[in-house]
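The C-terminal position of the sequence shown is numbered 1248 in our numbering, with every residue numbered one higher than the one before it.
Even glycine gets a Cβ: it sits at the ideal position worked out from N, Cα and C.
Every value quoted in this text rests on a predicted model; they were computed, and no experiment measured them.
Remarks on the structure that follows.
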Amino acid sequence: MSKFDKVFARRGITPLAELEAKQPRSPAIKAAMKAERFNEDRPAPPRRFEGPTDAETRTHPNVERLMWVVVDGPVRSRKLWAAPDKASWIDANHNDPAPPDEELIAAGWIKQAGAPVESGATE
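So, in structure tokens, the structure goes:
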């Protein structure tokens, strides 16, 4: 018997229930996974945060912590905002409801650009 026989010997697959009994999954992880799944399935709110695309990030390489505020209405608009700090930026998840502009300004967010999407105008 060579030293490699043990390594390459066929082994049975351990059932999942047995593995979970040895090391149960954390309830916090399960709750976080369910919440993430819920976030993907929920309808988008009429005023929400959206993360910038890769192309937009390359267009504004020196500005960190960018987030779009999208408003769906008779005329759809997008406004680009910069978060005051990394914690605020992380809290503004993609597709989360966004507060009114006045609240964003009061919280320290800085408006970068924005205009109605259909018109193609810029500010």
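- Under the DSSP assignment, TRP1214 falls in the alpha helix (DSSP H) whose first and last residues are 1211 to 1216.
- From the listed residues PRO1199, LYS1211, PRO1170 and ASN1220, the smallest Cα separation to GLY1233 is found for LYS1211.
- Counting along the chain, no alpha helix (DSSP H) covers ALA1207; the unbroken beta strand (DSSP E) around it starts and ends at 1202 to 1207.
- Looking at the DSSP output, LEU1191 shares a beta bridge with ALA1207.
- The beta-carbon distance between PRO1171 and VAL1196, rounded to whole angstroms, is 7 Å. This is short enough to meet the 8 Å contact definition.
- Put simply, of ALA1169, VAL1200, PRO1140 and ALA1180 the residue whose alpha carbon is nearest the alpha carbon of ASN1220 is ALA1169.
- Shown here for PRO1177: same chain residues with a beta carbon closer than 6 Å to its own, the five before and five after excluded, namely LEU1191 in chain order.
- Taking a C-beta distance under 8 Å as the contact criterion, ALA1146 and PHE1174 do not qualify as a contact pair.
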